[in-house]
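*Asks:* So the sequences go chain by chain: Y and R.
For the first sequence, the positions run 3 to 401 when the working numbering is used.
For the second sequence, the positions run 3 to 401 when the working numbering is used.
We treat Cβ as the ideally placed atom computed from N, Cα and C, and that holds for glycine.
Protein chains: 2
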Amino acid sequence: MATISSKAQAMPASAIRKLVPLADAAKANGTKVYHLNVGQPDIKSPQCALEAVRNNTLDHVSYTNSAGMIELRQGLVEKYYKKIGIDLAVPEILVTVAGSEAVDIALQVTCDTGDELIVMEPYYTNYNTFCFMNGITLKAVHTDIREGFSVPDMARFEELITPRTKAILISNPGNPTGTLYTKEQMLALGEIARKHDLFLISDEVYREFCYTDEPHFSAMNIPGLEQNVILIDSVSKRYNLCGCRVGCIASHNKEVMAAVLKYAQARLCPPVYGQLAALGALDTPDSYFAAVREEYIRRRDAMVDGLNAIPGVYSPRPMGAFYTVAEMPVDDGERFARGMPEEFRIDGETVMITPAASFYKTPGFGRNHMRIAYVLEVPKIKRALHILEEGLKAYPGRI
Amino acid sequence: MATISSKAQAMPASAIRKLVPLADAAKANGTKVYHLNVGQPDIKSPQCALEAVRNNTLDHVSYTNSAGMIELRQGLVEKYYKKIGIDLAVPEILVTVAGSEAVDIALQVTCDTGDELIVMEPYYTNYNTFCFMNGITLKAVHTDIREGFSVPDMARFEELITPRTKAILISNPGNPTGTLYTKEQMLALGEIARKHDLFLISDEVYREFCYTDEPHFSAMNIPGLEQNVILIDSVSKRYNLCGCRVGCIASHNKEVMAAVLKYAQARLCPPVYGQLAALGALDTPDSYFAAVREEYIRRRDAMVDGLNAIPGVYSPRPMGAFYTVAEMPVDDGERFARGMPEEFRIDGETVMITPAASFYKTPGFGRNHMRIAYVLEVPKIKRALHILEEGLKAYPGRI
Numbered sequence: 003m004a005t006i007s008s009k010a011q012a013m014p015a016s017a018i019r020k021l022v023p024l025a026d027a028a029k030a031n032g033t034k035v036y037h038l039n040v041g042q043p044d045i046k047s048p049q050c051a052l053e054a055v056r057n058n059t060l061d062h063v064s065y066t067n068s069a070g071m072i073e074l075r076q077g078l079v080e081k082y083y084k085k086i087g088i089d090l091a092v093p094e095i096l097v098t099v100a101g102s103e104a105v106d107i108a109l110q111v112t113c114d115t116g117d118e119l120i121v122m123e124p125y126y127t128n129y130n131t132f133c134f135m136n137g138i139t140l141k142a143v144h145t146d147i148r149e150g151f152s153v154p155d156m157a158r159f160e161e162l163i164t165p166r167t168k169a170i171l172i173s174n175p176g177n178p179t180g181t182l183y184t185k186e187q188m189l190a191l192g193e194i195a196r197k198h199d200l201f202l203i204s205d206e207v208y209r210e211f212c213y214t215d216e217p218h219f220s221a222m223n224i225p226g227l228e229q230n231v232i233l234i235d236s237v238s239k240r241y242n243l244c245g246c247r248v249g250c251i252a253s254h255n256k257e258v259m260a261a262v263l264k265y266a267q268a269r270l271c272p273p274v275y276g277q278l279a280a281l282g283a284l285d286t287p288d289s290y291f292a293a294v295r296e297e298y299i300r301r302r303d304a305m306v307d308g309l310n311a312i313p314g315v316y317s318p319r320p321m322g323a324f325y326t327v328a329e330m331p332v333d334d335g336e337r338f339a340r341g342m343p344e345e346f347r348i349d350g351e352t353v354m355i356t357p358a359a360s361f362y363k364t365p366g367f368g369r370n371h372m373r374i375a376y377v378l379e380v381p382k383i384k385r386a387l388h389i390l391e392e393g394l395k396a397y398p399g400r401i
Numbered sequence: 003m004a005t006i007s008s009k010a011q012a013m014p015a016s017a018i019r020k021l022v023p024l025a026d027a028a029k030a031n032g033t034k035v036y037h038l039n040v041g042q043p044d045i046k047s048p049q050c051a052l053e054a055v056r057n058n059t060l061d062h063v064s065y066t067n068s069a070g071m072i073e074l075r076q077g078l079v080e081k082y083y084k085k086i087g088i089d090l091a092v093p094e095i096l097v098t099v100a101g102s103e104a105v106d107i108a109l110q111v112t113c114d115t116g117d118e119l120i121v122m123e124p125y126y127t128n129y130n131t132f133c134f135m136n137g138i139t140l141k142a143v144h145t146d147i148r149e150g151f152s153v154p155d156m157a158r159f160e161e162l163i164t165p166r167t168k169a170i171l172i173s174n175p176g177n178p179t180g181t182l183y184t185k186e187q188m189l190a191l192g193e194i195a196r197k198h199d200l201f202l203i204s205d206e207v208y209r210e211f212c213y214t215d216e217p218h219f220s221a222m223n224i225p226g227l228e229q230n231v232i233l234i235d236s237v238s239k240r241y242n243l244c245g246c247r248v249g250c251i252a253s254h255n256k257e258v259m260a261a262v263l264k265y266a267q268a269r270l271c272p273p274v275y276g277q278l279a280a281l282g283a284l285d286t287p288d289s290y291f292a293a294v295r296e297e298y299i300r301r302r303d304a305m306v307d308g309l310n311a312i313p314g315v316y317s318p319r320p321m322g323a324f325y326t327v328a329e330m331p332v333d334d335g336e337r338f339a340r341g342m343p344e345e346f347r348i349d350g351e352t353v354m355i356t357p358a359a360s361f362y363k364t365p366g367f368g369r370n371h372m373r374i375a376y377v378l379e380v381p382k383i384k385r386a387l388h389i390l391e392e393g394l395k396a397y398p399g400r401i
């Protein structure tokens, strides 16, 4: 009998998505599930994005250019990036099938099989998956929950750099930690990249979700690092258009963009309707972002204050994105996370959170850490926290 | 300075897509371009598909399940596959980002780096690209234009099989040849797969474009081969929804589908609006397919008769898809194909076709072969053929 590849057998399942069937099973039994496990906000998309799709007049849905619709690339450059202080020309931006494809292509363009990539742990687990798919070795600089997952000393990066290291990949603001890097930290990272001739791949899909008074400092604006920086972006979080599957990859490095285009051509084009939504979304008023930001600050505070009020639970107060990583008094985070939808109910309701162990490379870390998305309204967050607290009391592996 | 990966440098550019900038340049100069180079039909999508998107009531565009919307998977099983005689259960089908992603995932699930895959040449050039990306060696059984690119003797396959051969990948009806395989040929291919424990990956995205009176015979219906067959499908061609980027991968092999899901989870989900269009398309009336089929038979005949009337040109008469591979009296097909949009005009009009050399693995084959898509109305095909004929007369490398 034909057997699947060893690689497919060893391929890691998504820590975030593999719990989905448990939620489906709970719902099938009439249970209400509070989803704190997926970064899927309940906030409405901008009306201009939704209407751009509803009012489309296509009578057949053709391929676009592999690099995306020219109107969208121009619009991103003129209406979005220029406004936020990122200077790009149209050939320096290519539309991707969301941030996921942008990361996958950026890794393939920078790293050969056997090359090494440095990330900070805890990291977005699919970074590891894309490295695995491409035969790239992921190496992790540890960041500590008690230090708010801040960027550690640059010496920690230099210890990991070898002749096979090709790139540093960061997420800013960070998924799963919500950590926002300062301009000084970004410049320090840039200095390491410059010194060792590394690419700096900067995933900034949560850029609009910053909760300090400082503006977000993009890797694209590190002086003198133009040829090393590759920007990963997406409309998924910015406009609550996760399902559109539209993002982009951008770089001032012509060789990089020429290679990116070859990968883009292999999959023909990004989704057309999603591109129409992204095009419409360019007219989103500033008031939309301001309202969303205020709402997320309320949610974050409700979540973080609530978590820290539960005995044995600790969460830093993240300054970006809409996640936090919390430490919980459990022996095995995955067992606890599975147990909630499988067994635990209060008045027919349960909670899903994501175990964070697979967000760490260093053995032993993260076993009692959980990624929690604060993507629900405050009253729902409060209710979910109550269920979580009671679930922790009932959990047999409590420590 | 940071340099891109060796793999990205060596990555082949799409033979089909790399001529696009030439067309863009010609259009920018006011030239009208007849596109015979891309399989992008001008036929309208079914109204039910277009309306499903226009009438959507989403107020935010969330992720769907990584395997696709359950309603779409159920609909494909019940309303489409059942009707055409392919028996599938919902867990046996996973929605992909069009046929491209389905091929990419199928290759990764069946082949490790260094493994071998067998195709018939000339083949869809992106098969080679996806093999390259995944470190898989593509081996090609030659098929001959003078035999209508028919399936050759099974001994030709067996000569190529080694312990590293993991799968045979076919396109039926074929891109670029338009060849339609008979039930007997499919059974013979199935016998080879069974005998050598190979997967048979069957790309059937052109299934609705068959011009014989025999029904299309799917690899899914080869008796006793249920555990070996992986079906690649797409709504792109079937409903003229190329830009929706929705397809699927299907197999009765549980191990295969479990692995496919892991790859699907890494990219989160297929595009939502495209899925809505695909869901709407399930209500397409039979009359739509019948009308499209009749139109393509007219176009094929106009194209093939016209090609064969040009001195020195030969094309078989394909029984499926909407392409033909034609032999032309030129020294270098790529040079000729580039020269048309770059230099040749009749009354401000030119023609684009795709050089087919990169569709062959065997050195020396295909240098004077062209892939031609008959995706325009008959009068436009006739006009394009006239321009092509004159272009051939003017071409300095005519042989």
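Looking only at its own chain, which residues have a Cβ that is under 6 Å from the Cβ of glycine 192/Y, when we skip the five neighbours before and after it?
*Replies:* Position 190 of the first sequence, counting from 1, holds the residue named residue 192/Y. Excluding positions up to five away in sequence, the list reads Ile224 and Leu227.
*Asks:* Among Phe291/Y, Leu90/Y, Pro381/Y and Lys141/Y, which residue has its Cα nearest to the Cα of serine 47/Y?
*Replies:* What you label residue 47/Y is simply residue 45 of the first sequence in a count that begins at 1. The option with the nearest alpha carbon to serine 47/Y is Phe291/Y.
*Asks:* Let me check one thing: in DSSP terms, what residues is proline 357/R bridge-paired to?
*Replies:* Taking the second sequence and counting its residues from 1, one reaches residue 357/R at position 355. According to DSSP, which records beta bridges pairwise, proline 357/R is partnered with Met372/R.
*Asks:* Please name the residues in the segment 237 to 251 of chain R whose beta-carbon is closer than 9 Å to at least one beta-carbon of chain Y, in chain order.
*Replies:* So the close ones are Ser238, Tyr241, Asn242, Leu243, Cys244, Gly245, Cys246, Arg247 and Val248.
*Asks:* Throw me the rounded Cβ distance for the methionine 135/Y and alanine 108/R pair, which I believe falls under 8 Å.
*Replies:* Along the first sequence, read from residue 1 onward, the residue named residue 135/Y stands at position 133. Along the second sequence, read from residue 1 onward, the residue named residue 108/R stands at position 106. Between alanine 108/R and methionine 135/Y the Cβ distance is about 14 Å, and since that is not below 8 Å, they are no contact.
*Asks:* State the beta-bridge partners of tyrosine 325/Y as determined by DSSP.
*Replies:* Translated into positions along the first sequence, residue 325/Y becomes position 323. Note: tyrosine 325/Y sits in a beta bridge opposite Ala375/Y.
*Asks:* Among Cys271/R, Ser16/R and Asp89/R, which has the Cα closest to the Cα of glutamine 42/Y?
*Replies:* As a position in the first sequence, residue 42/Y is number 40, starting the count at 1. Nearest option by C-alpha distance: Cys271/R.
*Asks:* Thinking valine 35/R and glycine 101/R are a contact (beta carbons under 8 Å), I'd like their distance in whole angstroms, please.
*Replies:* Position 33 of the second sequence holds residue 35/R. Position 99 of the second sequence holds residue 101/R. The Cβ separation is near 25 Å, so there is no contact.
*Asks:* Ignore the nearest five residues each way along the sequence and tell me which others in glycine 368/R's own chain have a CB closer than 7 Å to its CB.
*Replies:* Here the question's residue 368/R lines up with position 366 in the second sequence. Excluding sequence neighbours, glycine 368/R sits near Pro124, Ala358, Ala359, Phe361 and Tyr362.
*Asks:* Can you give the Cα-Cα distance for glycine 137/R and threonine 115/R, rounded to whole angstroms?
*Replies:* Locating residue 137/R in the second sequence gives position 135, where the first residue counts as 1. Locating residue 115/R in the second sequence gives position 113, where the first residue counts as 1. Approximately 5 Å between the Cα atoms of the pair.
*Asks:* Skipping 5 residues on each side, what residues in its chain have a beta carbon closer than 6 Å to that of isoleucine 88/R?
*Replies:* Along the second sequence, one-based indexing puts residue 88/R at 86. Excluding residues within five positions, the ones whose Cβ falls inside 6 Å are Ser220 and Met222.
*Asks:* Does DSSP classify arginine 400/Y as helix, strand or coil?
*Replies:* For the purposes of this step, residue 400/Y is taken as the residue at position 398 of the first sequence. Residue state, collapsed to three classes: strand.
*Asks:* So with CB distances below 8 Å, who are the chain R contacts of glutamate 103/Y?
*Replies:* As a working note, residue 103/Y is residue 101 in the first sequence. Simply Arg269.
*Asks:* Tell me whether asparagine 130/R is buried or exposed, calling it buried when 16 or more other Cβ atoms sit within 10 Å of its Cβ.
*Replies:* Taking the first residue of the second sequence as position 1, residue 130/R is located at position 128. Label assigned to asparagine 130/R: buried.
*Asks:* Ends of the alpha helix (DSSP H) at aspartate 303/Y?
*Replies:* As a first step, residue 303/Y is located in the first sequence; it is residue number 301 there, counting from the start. Here the alpha helix (DSSP H) through aspartate 303/Y covers 288 to 310.
*Asks:* What whole-angstrom Cβ distance do proline 331/R and isoleucine 401/R have, given they're in contact under 8 Å?
*Replies:* On the second sequence, residue 331/R is found 329 positions in, with the first residue counted as 1. On the second sequence, residue 401/R is found 399 positions in, with the first residue counted as 1. The pair is a contact, with the Cβ atoms about 5 Å apart (cut-off 8 Å).
*Asks:* For a contact defined as C-beta to C-beta under 7 Å, what are the partners of glutamate 257/Y on chain R?
*Replies:* Here residue 257/Y is taken as the residue at index 255 of the first sequence, counted from 1. By Cβ distance, chain R contributes Ile6.
*Asks:* How is the beta strand (DSSP E) around glutamate 123/R delimited, first residue to last?
*Replies:* Against the second sequence, residue 123/R aligns to sequence position 121. From DSSP, the beta strand (DSSP E) with glutamate 123/R extends over 118 to 123.
*Asks:* Quick one: list the residues of chain Y neighbouring leucine 162/R, beta-carbon separation under 9 Å, in chain order.
*Replies:* On the second sequence, residue 162/R is found 160 positions in, with the first residue counted as 1. Under the 9 Å cutoff, chain Y gives no residues; its nearest Cβ is about 17 Å from leucine 162/R.
*Asks:* Would you grab the beta carbon distance between valine 99/Y and cysteine 246/R for me? Rounded to a whole angstrom, and I think it's under 8 Å.
*Replies:* In the first sequence, the residue the question calls residue 99/Y occupies position 97. In the second sequence, the residue the question calls residue 246/R occupies position 244. Incorrect: roughly 12 Å between the Cβ atoms, too far for contact.
*Asks:* Considering only C-alpha positions, which residue in the set Glu391/Y, Tyr376/Y and Ala4/Y is nearest to isoleucine 45/Y?
*Replies:* Here residue 45/Y is taken as the residue at index 43 of the first sequence, counted from 1. That would be Tyr376/Y, whose Cα lies nearest to the Cα of isoleucine 45/Y.
*Asks:* Considering only C-alpha positions, which residue in the set Gly399/R, Thr179/R and Phe346/R is nearest to asparagine 31/R?
*Replies:* What you label residue 31/R is simply residue 29 of the second sequence in a count that begins at 1. Considering only alpha carbons, the answer is Phe346/R.
*Asks:* Around the C-beta of alanine 54/Y, are 16 or more other C-beta atoms found within 10 angstroms, so that it is buried, or is it exposed?
*Replies:* Here residue 54/Y corresponds to residue number 52 of the first sequence, with the count starting at 1. Alanine 54/Y is buried by the Cβ-count criterion.
*Asks:* Can you pull the chain R residues whose beta carbon is under 8 Å from the beta carbon of tyrosine 265/Y, in chain order?
*Replies:* Sequence index remark: in the first sequence, residue 265/Y carries index 263 (1-based). The contacting residues are Ala10, Met13 and Met135.
*Asks:* Could you work out which residues of chain R lie near phenylalanine 361/Y, taking near to mean beta carbons separated by less than 7 Å?
*Replies:* Your numbering for residue 361/Y matches position 359 in the first sequence. By Cβ distance, chain R contributes nothing, its closest Cβ being about 15 Å from phenylalanine 361/Y, past 7 Å.
*Asks:* Interface residues of chain R around serine 68/Y at Cβ under 8 Å?
*Replies:* As a first step, residue 68/Y must be located in the first sequence, where it is residue number 66. What serine 68/Y touches in chain R: Ser16, Arg19 and Val22.
*Asks:* Taking contact to mean at least 3 C-beta pairs separated by less than 8 Å, is the segment 16 to 25 of chain R in contact with the segment 325 to 345 of chain Y?
*Replies:* No, because fewer than three Cβ pairs between the segment 16 to 25 of chain R and the segment 325 to 345 of chain Y fall closer than 8 Å, the two stretches do not touch.
*Asks:* Going along chain R in order, which residues have a C-beta closer than 8 Å to the C-beta of alanine 279/Y?
*Replies:* Residue mapping note: residue 279/Y aligns to position 277 of the first sequence, counting from 1. Here the neighbours are Val63 and Tyr275.
*Asks:* What is the residue span of the beta strand (DSSP E) that lysine 97/Y lies within?
*Replies:* Taking the first sequence and counting its residues from 1, the one referred to as residue 97/Y is at position 95. The residue asked about is misnamed: residue 97/Y is valine in this sequence, not lysine. Looking at the DSSP string, the run of the beta strand (DSSP E) that includes valine 97/Y is 95 to 98.
*Asks:* Can you name the start and end residues of the beta strand (DSSP E) that alanine 142/R belongs to?
*Replies:* Along the second sequence, read from residue 1 onward, the residue named residue 142/R stands at position 140. Unbroken beta strand (DSSP E) run through alanine 142/R: 139 to 144.
*Asks:* In angstroms with no decimal places, state the Cα-to-Cα distance between valine 1/R and glycine 70/R.
*Replies:* Chain R is shown only over 3 to 401; residue 1/R falls outside these bounds and no answer can be derived.
*Asks:* Note down, one range per segment and in chain order, each beta strand (DSSP E) of at least 3 residues found wholly within the segment 129 to 210 of chain Y.
*Replies:* The segment 129 to 210 of chain Y contains these whole beta strand (DSSP E) runs: 139 to 144, 167 to 173 and 201 to 205.
*Asks:* Distance, Cα to Cα, leucine 78/R vs histidine 37/Y?
*Replies:* The count along the second sequence starts at 1 and reaches residue 78/R at position 76. The count along the first sequence starts at 1 and reaches residue 37/Y at position 35. Cα to Cα, the separation comes out at about 29 Å.
*Asks:* For cysteine 113/R, which residues in chain Y fall below 8 Å Cβ to Cβ?
*Replies:* As a first step, residue 113/R must be located in the second sequence, where it is residue number 111. Chain Y residues near cysteine 113/R: Ser7.
*Asks:* Would you mind telling me which residues of chain Y sit closer than 9 Å to leucine 52/R, beta carbon to beta carbon, in chain order?
*Replies:* If you number the second sequence from 1, residue 52/R lands on position 50. Here the neighbours are Asn58, Leu60, Asp61, His62 and Val63.
*Asks:* The beta strand (DSSP E) that contains glycine 249/Y, what's its start and end?
*Replies:* For the purposes of this step, residue 249/Y is identified with residue 247 of the first sequence, where counting begins at 1. Glycine 249/Y -> beta strand (DSSP E) spans 249 to 252.
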